[in-house]
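Student: As numbered in the numbering used here, residues 2 to 70 make up the sequence shown, in order. Here a beta-carbon is modelled for each residue, glycine too, at the ideal position from N, C-alpha and C. Computed from a predicted model, the values in this text were never measured in an experiment.
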Amino acid sequence: MVVHLFMRKEALERWTTKSYMTRHMEIFLLIQVMMKIGLIMFHPGLEKGHRFQQMEKLLLLGIKRLERI
């Protein structure tokens, strides 16, 4: 269900116009949800001081696993 929001072009365009911090928080929350449902495991990169690129990679991993289900 979450993945469909990213698949829609309009939603993606709106998402890319948001501020860096807003996108950062949305990705962090999506990763938290994916960890709760067991799609991805905790990653050391999510500790304090993590990099945005690591979060994006982790989110993409979760999305790929969702597509396989």
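1) Consult DSSP for MET42 and reduce its assignment to one of helix, strand or coil.
2) Can you have a look at MET22 and say buried or exposed, based on whether 16 or more other CB atoms are within 10 angstroms of its CB?
3) Do LEU30 and ARG63 have their beta-carbon atoms positioned less than 7 Å apart in this structure?
4) Can you give me the C-alpha to C-alpha distance between LEU60 and ILE28, rounded to a whole angstrom?
Tutor: A quick look at the data gives this:
1) Coil at MET42, not helix or strand.
2) Here MET22 is exposed: its Cβ has fewer than 16 other Cβ atoms, across all protein chains shown, within 10 Å.
3) The sequence shown places Gly at residue 63, not Arg. Cβ distance not < 7 Å, so GLY63 and LEU30 don't count as in contact.
4) Cα to Cα, LEU60 sits roughly 7 Å from ILE28.
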